[in-house]
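S.K.: Shown below is the structure under consideration.
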Amino acid sequence: MTSNEEAAPGSRAARVLMAETVRLVESQGPLDDAQLLRAMAASHSEGGRDDWLLARAWGLGRRLALDVQLQRWRGAAMAALLVLVGVVVLGALAAAGAVVHSGRTVNAVAAFFSLLGLHGLTLALWLIGLVAPWPSSGGVLGRLWLEGVSRVSKDGNANAASLLQASVALLRRERLAPWLFGWISHTVWALSFVVMLAVLWFAFSFQAYRLTWETTILGPDFFVRFVRATGWLPGWLGFPVPDTATLRDPGAASADQRAWAWWLIGCVAAYGLLPRTVLALACAWRWRRRVRALRLDTADPYYRALLARRDALQPAAVVVDAETPWQPATRPGAIPVAGTGAALVGFELPPEVPWPPLMADQAAVWSRRIAGTSQERSEVLDALRQLRPARLLLVCHAPSSPDRGTARFVREALESAASCGLLLVGTAVAAEDAARWSDWLRMMDLARITLVAAPSAAAWLEEAAHG
Amino acid sequence: MAEAPSIQIAVVGHTNAGKTSLLRTLTRQASFGEVADRPGTTRHVERIALRVDGASPVVFYDTPGLEDSTALLDYLQGLGQSTARLERVQAFLAGPEARQSFEQEAKVLRKMLEVDAALYVIDCREPVLPKFRCEIEILASCARPVMPVLNFVRHGASREAEWQAVLSASGLHAQVRFDAVAPFIGSEQQLYHDLATLLPRQREVLAGVLYYLDREAAERRAASCRLMAELLVDLAALRRPIAPEAFTDVTQRRQFVADVQALALARVRLCTDGLLQVYGFRREEADVAALPWLDGRWQDDLFNPETLKQAGKRLGQGAAIGASLGLIADIAVAGVSLGAGAVVGGAVGGMVTQGWRQFGHKLVNKIRGVQELTLENELLLVVATHLLGVQRALAQRGHAAAQKIVVGGEKAVASDAALRQLVTLAQPARSHPRWERRPGERGAESSQRRALVDTLAERLAALADAAHIPARP
Numbered sequence: 000m001t002s003n004e005e006a007a008p009g010s011r012a013a014r015v016l017m018a019e020t021v022r023l024v025e026s027q028g029p030l031d032d033a034q035l036l037r038a039m040a041a042s043h044s045e046g047g048r049d050d051w052l053l054a055r056a057w058g059l060g061r062r063l064a065l066d067v068q069l070q071r072w073r074g075a076a077m078a079a080l081l082v083l084v085g086v087v088v089l090g091a092l093a094a095a096g097a098v099v100h101s102g103r104t105v106n107a108v109a110a111f112f113s114l115l116g117l118h119g120l121t122l123a124l125w126l127i128g129l130v131a132p133w134p135s136s137g138g139v140l141g142r143l144w145l146e147g148v149s150r151v152s153k154d155g156n157a158n159a160a161s162l163l164q165a166s167v168a169l170l171r172r173e174r175l176a177p178w179l180f181g182w183i184s185h186t187v188w189a190l191s192f193v194v195m196l197a198v199l200w201f202a203f204s205f206q207a208y209r210l211t212w213e214t215t216i217l218g219p220d221f222f223v224r225f226v227r228a229t230g231w232l233p234g235w236l237g238f239p240v241p242d243t244a245t246l247r248d249p250g251a252a253s254a255d256q257r258a259w260a261w262w263l264i265g266c267v268a269a270y271g272l273l274p275r276t277v278l279a280l281a282c283a284w285r286w287r288r289r290v291r292a293l294r295l296d297t298a299d300p301y302y303r304a305l306l307a308r309r310d311a312l313q314p315a316a317v318v319v320d321a322e323t324p325w326q327p328a329t330r331p332g333a334i335p336v337a338g339t340g341a342a343l344v345g346f347e348l349p350p351e352v353p354w355p356p357l358m359a360d361q362a363a364v365w366s367r368r369i370a371g372t373s374q375e376r377s378e379v380l381d382a383l384r385q386l387r388p389a390r391l392l393l394v395c396h397a398p399s400s401p402d403r404g405t406a407r408f409v410r411e412a413l414e415s416a417a418s419c420g421l422l423l424v425g426t427a428v429a430a431e432d433a434a435r436w437s438d439w440l441r442m443m444d445l446a447r448i449t450l451v452a453a454p455s456a457a458a459w460l461e462e463a464a465h466g
Numbered sequence: 000m001a002e003a004p005s006i007q008i009a010v011v012g013h014t015n016a017g018k019t020s021l022l023r024t025l026t027r028q029a030s031f032g033e034v035a036d037r038p039g040t041t042r043h044v045e046r047i048a049l050r051v052d053g054a055s056p057v058v059f060y061d062t063p064g065l066e067d068s069t070a071l072l073d074y075l076q077g078l079g080q081s082t083a084r085l086e087r088v089q090a091f092l093a094g095p096e097a098r099q100s101f102e103q104e105a106k107v108l109r110k111m112l113e114v115d116a117a118l119y120v121i122d123c124r125e126p127v128l129p130k131f132r133c134e135i136e137i138l139a140s141c142a143r144p145v146m147p148v149l150n151f152v153r154h155g156a157s158r159e160a161e162w163q164a165v166l167s168a169s170g171l172h173a174q175v176r177f178d179a180v181a182p183f184i185g186s187e188q189q190l191y192h193d194l195a196t197l198l199p200r201q202r203e204v205l206a207g208v209l210y211y212l213d214r215e216a217a218e219r220r221a222a223s224c225r226l227m228a229e230l231l232v233d234l235a236a237l238r239r240p241i242a243p244e245a246f247t248d249v250t251q252r253r254q255f256v257a258d259v260q261a262l263a264l265a266r267v268r269l270c271t272d273g274l275l276q277v278y279g280f281r282r283e284e285a286d287v288a289a290l291p292w293l294d295g296r297w298q299d300d301l302f303n304p305e306t307l308k309q310a311g312k313r314l315g316q317g318a319a320i321g322a323s324l325g326l327i328a329d330i331a332v333a334g335v336s337l338g339a340g341a342v343v344g345g346a347v348g349g350m351v352t353q354g355w356r357q358f359g360h361k362l363v364n365k366i367r368g369v370q371e372l373t374l375e376n377e378l379l380l381v382v383a384t385h386l387l388g389v390q391r392a393l394a395q396r397g398h399a400a401a402q403k404i405v406v407g408g409e410k411a412v413a414s415d416a417a418l419r420q421l422v423t424l425a426q427p428a429r430s431h432p433r434w435e436r437r438p439g440e441r442g443a444e445s446s447q448r449r450a451l452v453d454t455l456a457e458r459l460a461a462l463a464d465a466a467h468i469p470a471r472p
C-alpha cells in the first residue's frame, strides 16, 4: 500500500497524470499525433472517450519519454520518502533522547511538551488547511517530499518540469493534495512516535528515573489538574495515572515513579501515535478512493477539441451497393416529321403558379397542365401523339430538382414533337436553377431541348402556331 | 451497448431532398458522401455508423434518390393485383427491371427490406405532387417502420403543414422536423426519441444514444463558455504600460493603441478558433467561412467607434467622451487629479467619468507617471455579444451546410441587462493584471481567477441556454 503502486505505468492515476502533462505540453502547440491515431485506429483499441484520450496521451507521452520520467519519479519518490523518514526518525530519537539522557531526573511536564509540542502544532496546521479554502494545504512534510522528488529527478528535461507541474495542478484541482500529503506526513509522524515510544520504554525499563515537575510561578494545583486532564485518555486506555500524593510531592520517597513513567508513555501513545495512525489510515483511504474516481474533464476546451477531431477521424463510409450505370438505349434518328401547331404542357407545377404562364395566342396553342399522376401522363402523351405539334413548350418549376421520372415523360413527349423547349417558372428563377436544369438536360441526353427564357417564350411558341 | 447489434437505418427520399446532408449532420462527418445542388448526386448505397463512445449503436445507409416513383408504382401494380404488396416488391427485385430502368430504385428497396427502419427525407419546399404520394406508397409496401424527416422547414417556401397532413393521412404520424443545414437545438435528440417509439425493442440502445448526445452537447457548450469566459477575463485584465514621452507623442501613441488593438483582436481570433475546434469545424472549410460571424467583417468592426458607441448605450453609460478607440487610460495612473484623467481620457478615448468609481481604490497604490492602457467595457460587451453569436451559430449548425445561414440578429443574442451583468462580473479582473494569460502560458493559475472564470462561464452558459430555440414550437 504505497503511493508508488498507484503511480505504476498504466494505472489510472499515471494515465490521467500523463494526459494532463501532455495537455500542458500541447498548450504551446499541438504534437504530431497523426501516426499514433492511425495506429490506434488500426488496433481497434480506442474504446470510449476517456480511454481514447488517455491512450492518445500515453502514446504521445511515451514518445516524449515521459513514461521513463515517471518511472524515475517512482524511484525518486521512494528515495525522498526514505530520506524524509530518516530525518524525522533521527529527530524523534533526538527528542526522546533529550528527555531520557538529561540525568536521572526527568522534568515530566516539560518532557510532555517537548515530545508532543511540534506534533500538536503541525497537526493543528494540517487540520486548519483541510477546511481552509486556500489550495496549497497538505502538510509541510508533504510539500517537502514533493520538492525532494523534483530535486532528485532533475535532469534538465523540460518535459520533466511539465510532469511536475501537471501533477501539482492535478493534485490541487482534484483536491488530492491534502490526502496524499496527509498520508505521507501522518505516516512519517506515526513512525517517529513508534521510535520515541521504543526509546522511552527502553529507558524507563532498564534505568531508574525520578520524574518530577518544576515551576517558578505556578502552584502545585496546576500540575495536579494538568496531569489529571491529560491522563484521562491514557487512563481510559489502561495506562496508570499517578495519584494526587505523588503529584503534590513528586520528590517524596513514596512517590509512584512507575505511574509517572506510564503517564508519559501513555500520553505519547494516545496523543501522538494514535491520532497520527488513524489519520494516516483515513488519508490513505480517501486518496485511494479519489484516485479511483479520477476522470478527465471532458468539458474542457482542450479535450473537447480533441474529441471533435476524433469524431472527424471516424472510419470512412463504406459503399455497400455500388453504382451499376444503366442508360436506356437511345434510338437514332427518332426526330419525328415536323407537324403543325404548338403545344404547351405544364409538368409538376406547384398550385400557386399561374396558368397559362404566358400571354400566348390561347386559341392557337394546345395547352394542358398536369400534376404528374400516371394517368395524366399517358393522357397528355396520347394527345401529343395525335397532335404532332411543330413546337412543344414544357413548363417546369425552376426550384425543383429534375428527376428520371421527368426525363421519362420528356423523352416520350419528344417522340411526338419536332422541336421542344423548356420554360422554367417560379417566384424567382435563380441562375443556379437554370444551370441545374441545363446540366441535367445535357446529362440525360436531352440536348435537343432548348432552354427558353420567359420573355421570349411566347414568341418562340407563336412562331410555330403561325409559321 | 457495445454488445447489442447495431440498429440498421436506411435514409431514403426523393433525389436532392438532403439525405446525405442529414447524415453528415447526424454523424458529424462533414466529408461524408457528396453533396451538390443537382439531382442524383448519390448513386450508390453507402454505409456510415454513428459512433458513440467507441461503439456503433446505429448504422445508417445513404441511398440514391427515388426518382421515377410514378412509373415504378405502375410497374409494381402491374405485377399482379392479387399478391401482397411486399411480395410484389420482392418480385420486382428478382426481375430484370431491377437491374435496368429501375436500377437506382431497386437499390433503395433492396436496402429497405434489410433494415430495421427508414428515415424518409422530405424537401418541404416541394409541393405534394403525385410522384411523392407514389414514393410514400412504395415505401409503405416494404413493411418497415418509416419516419418522415421534414427537411428545410425553416425555408420561406416551406409547405410543412401540407406535408404533415398528407403524411398523417398515410399513417405516418411520427414526423421529425429537422433542418440538416441549421438543425434546431434538440432536434437530433427528438429524432432518436421518435425513432424509439417506432422501434420499441431498440428503446434501450436509443436511450443510450440520447444520453450520449445530451452529454456531448452539454460538454461542448460548457467548453465553449469556458473559452469565452477565459477571453473576457484576459481582455479585462489586459493592461499595457506606455512611457510618458510615447504617450505625449501623437504618432507613437497611435502606434501603441494600434498594437494593443491588434493584440486584443488576436486573442479574440484565437478564442474563435477554439470555439470552432470545440464544435468540430475547421476554419478552412469554405462553408464555415461563410458564417456571418466568422467572415472577418465583424472583426474589422470590433474597434469601430460607431459599434463601441452603440455598446456604450447598451451598457447604459451614455455616449463615450473620447474617440472610442476601445482603449482607456487607467484613471488610477492618469494622475491624482480627475482633471488630468479627463484630459487623458479625451485624448485616448475613454470612459473616465464612468470609470473612476471602479478604479478609485487603486488611486493610492499606483506609481505616478507611467500610463497604462486597458480595454474599455464597451469592447468587452461587443466581444461577448459576437462570441455568443458564434457559439450559437456553431451549436445550431449542421455539418452539411452548403450555404450561408443567418440565425437571428446580433441583438437577439442576449438582453442588454444580461450583457451588462456579464461585463460587471468581469470587472474584478481589471485590478489583476497577472490574470491575463498569454497564449501558451503554463504557470499555475490563481484560484481567484479560476473562480471568476467559472462564474462567467456559468453566466454565459445561462445565456447560451436562453438563446436556444425549442425543437417544437
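Listed in order, the protein sequences are those of chains A and B.
Per numbering that gives the first Met the number 0, the first sequence starts with residue 0, numbered consecutively.
Per numbering that gives the first Met the number 0, the second sequence starts with residue 0, numbered consecutively.
For glycine and all other residues, C-beta sits at the position ideal for the given N, C-alpha and C.
1) Would you please verify whether the beta carbon of I47(B) is less than 7 Å from any beta carbon of chain A?
2) Helix, strand or coil: how does DSSP classify G359(B) here?
3) Is the beta carbon of R124(B) less than 7 Å from the beta carbon of A164(B)?
4) Between the stretch 78-99 of chain B and chain A, which residues of the former have a C-beta closer than 9 Å to a C-beta of the latter?
5) Exposed or buried, F408(A), counting other C-beta atoms within 10 Å across all chains shown (16 or more means buried)?
6) How far does the beta strand (DSSP E) with I121(B) in it extend, from its first residue to its last?
7) Beta-carbon of H43(B) versus every beta-carbon of chain A: anything under 7 Å?
8) Can you tell which of T323(A), W178(A) and V319(A) has the C-alpha that lies nearest to the C-alpha of Q99(B)?
9) Would N15(B) count as contacting chain A if we go by Cβ distances under 7 Å?
10) Could you pull the start and end residues of the beta strand (DSSP E) that W365(A) belongs to?
11) Could you tell me whether any Cβ in chain A is nearer than 7 Å to the Cβ of D67(B)?
12) If you measure from the beta carbon of S26(A) to each beta carbon in chain D, is any gap under 7 Å?
13) Taking C-beta pairs closer than 9 Å, name the residues in chain A that P199(B) reaches, listed in chain order.
14) Beta-carbon of G271(A) versus every beta-carbon of chain B: anything under 7 Å?
15) Any idea what DSSP makes of V319(A), helix, strand or coil?
16) Can you tell which of D233(B), L386(B), R42(B) and L230(B) has the C-alpha that lies nearest to the C-alpha of A463(B)?
17) Which of helix, strand or coil does DSSP assign to C224(B)?
18) Do we get a CB-CB distance below 7 Å when we pair T186(A) with the residues of chain B?
19) Assign F177(B) to one of three DSSP states: helix, strand, or coil.
20) I'd like the list of long-range same chain contacts for D320(A), defined as Cβ closer than 6 Å, with 5 residues on each side in sequence excluded.
21) Classify I135(B): buried if its beta carbon has 16 or more other beta carbons within 10 angstroms, exposed otherwise.
22) Under 8 Å: do the stretch 193-213 of chain A and the stretch 255-271 of chain A share three or more Cβ pairs, one atom per stretch?
23) As a quick exercise: from R449(B), P438(B) and L307(B), pick the residue whose alpha carbon is nearest that of L269(B).
24) Kindly say whether V424(A), judged by its beta-carbon, lies nearer than 7 Å to any beta-carbon of chain B.
25) Please specify which runs of the beta strand (DSSP E), each continuous and at least 3 residues long, are wholly inside the stretch 207-269 of chain B, giving them in chain order.
26) For T214(A), which three-state DSSP category applies?
27) Which complete alpha helix (DSSP H) runs does the stretch 115-167 of chain B hold, if anything under 4 residues is left out?
28) Chain B beta carbons: is any one of them nearer than 7 Å to that of D444(A)?
29) How many Å lie between L107(B) and A40(A) at the Cα?
30) Helix, strand or coil: which one does DSSP assign to D61(B)?
31) Counting only runs that start and end within the stretch 181-235 of chain A, where is the alpha helix (DSSP H) found for 4 or more residues in a row?
32) Does any C-beta atom of chain B lie closer than 7 Å to the C-beta of G137(A)?
33) Quick check on DSSP: helix, strand or coil for V335(B)?
34) State yes or no: is the beta carbon of G128(A) nearer than 7 Å to at least one beta carbon in chain B?
35) Buried or exposed, going by whether 16 or more other CB atoms sit within 10 Å of the CB of D453(B)?
36) Against chain B, with Cβ distances strictly below 7 Å, would R367(A) count as a contact?
M.R.: Considering the structure as presented:
1) yes
2) Interpretation of G359(B) is limited by its pLDDT of 41, a score under 50 that renders its predicted location unreliable; no figure is taken from the coordinates.
3) no
4) R98 and Q99
5) By the Cβ neighbour-count rule, F408(A) is buried, with 16 or more other Cβ atoms within 10 Å of its own.
6) Looking at the DSSP string, the run of the beta strand (DSSP E) that includes I121(B) is A116 to D122.
7) Output row for H43(B): interface = yes.
8) T323(A)
9) yes
10) V364 to I369 is the extent of the beta strand (DSSP E) around W365(A).
11) Interface residue, yes.
12) Within the model displayed, chain D is absent; protein chains A and B are what it includes.
13) Within 9 Å Cβ-Cβ: nothing; P199(B) doesn't reach chain A, min ~27 Å.
14) no
15) In this structure, V319(A) counts as strand in the three-state DSSP scheme.
16) Closest by alpha carbon: L386(B).
17) If DSSP states are grouped into helix, strand and coil, C224(B) belongs with the helices.
18) Not closer than 7 Å to any Cβ of chain B, the Cβ of T186(A) fails to qualify, so no.
19) coil
20) none
21) buried
22) yes
23) P438(B)
24) no
25) For the stretch 207-269 of chain B, whole beta strand (DSSP E) runs of length 3 or above, ordered along the chain, are 238-241.
26) coil
27) 129-140
28) no
29) Reading the sequence as shown, one finds Val at residue 107(B) and not Leu. Roughly 31 Å separates the two Cα atoms.
30) strand
31) 219-235
32) Confidence at G137(A) is low in this model, with a pLDDT of 49, below 50, so the placement of that residue is unreliable and no value is reported for it.
33) Its pLDDT being 31, under 50, V335(B) is placed unreliably by the model, and the measurement read from it follows with that caveat. If DSSP states are grouped into helix, strand and coil, V335(B) belongs with coil.
34) no
35) exposed
36) no
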